[in-house]
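Colleague: Before I ask anything, here is the structure I am working with.
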Amino acid sequence: MDLSFDISKKDNHIVMAVTGEIDLYSVKQLKESVTQVIEQEREARIIMDLNNVKYIDSTGLGILIGIKRRCAEKAGELSLVFDSERIANLFNITGLHNVFAIYKTVDEAAAKFQ
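The opening position of the sequence shown corresponds to residue 328 in the working numbering, with each subsequent residue numbered one higher.
Structural data, given as structure tokens:
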């Protein structure tokens with residue numbers, strides 16, 4: 328399945344809505360898109376909405392960690408938004424729920440940047 332993005336700039340952050348599957352075949356596309364966004368920002372504050380992501384494999388988890396690191400290098404932060412029990416279980420099992428700021432809605436995540 329292809330990966331698609333809807334990127335919008337809000338007050339002091341970027342919302343990146345991702346649709347599709349984040350796996351070995353799509354991580355390059357995700358990395359390139361996020362890198363473009365990060366390079367354009369002085370402070371890379373990104374909210375990545377994963378509510379329309381159906382599947383994430385270990386390669387996808389790895390790229391999310393890399394994106395978080397890149398945001399931190401630009402005095403920013405990566406927040407994740409999802410309400411999928413399957414994705415939540417994946418983050419809990421891997422311990423990544425302790426690494427990422429995770430929210431159920433974009434509005435909850437955006438409130439952190441206010």
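Backbone N, C-alpha and C fix where the C-beta goes; we use that ideal spot for every residue, glycine too.
Between the Cα of Ala399 and those of Phe427, Phe418 and Asp410, spot the shortest distance and give me the residue it belongs to.
Modeller: Among Phe427, Phe418 and Asp410, the Cα nearest to that of Ala399 belongs to Phe427.
Colleague: So, helix, strand or coil for Gly347, using DSSP?
Modeller: Looking at Gly347 - three-state DSSP - the assignment turns out to be strand.
Colleague: With DSSP as the reference, label Glu400 as helix, strand or coil.
Modeller: In this structure, Glu400 counts as helix in the three-state DSSP scheme.
Colleague: Given a threshold of 16 other Cβ atoms within 10 Å of its Cβ, counted over all protein chains shown, does Asp329 qualify as buried or as exposed?
Modeller: Exposed is the call here.
Colleague: What would DSSP say about Ser335, mapped onto helix, strand or coil?
Modeller: Strand.
Colleague: Once DSSP output is grouped into helix, strand and coil, what is the label at Ser406?
Modeller: Correct three-state label for Ser406: strand.
Colleague: Which partner residues of Asp376 appear in the DSSP bridge assignment?
Modeller: Answer is Ala344 and Val408, bridged to Asp376.
Colleague: For Ile397 versus Ile365, is the C-beta spacing smaller than 7 Å?
Modeller: Correcting the residue identity first, residue 397 is Arg in this sequence and not Ile. Cβ atoms of Arg397 and Ile365: closer than 7 Å.
Colleague: Whole angstroms are fine: how far does the CA of Asp376 sit from the CA of Lys431?
Modeller: Near 9 Å, if we compare the C-alpha coordinates of Asp376 and Lys431.
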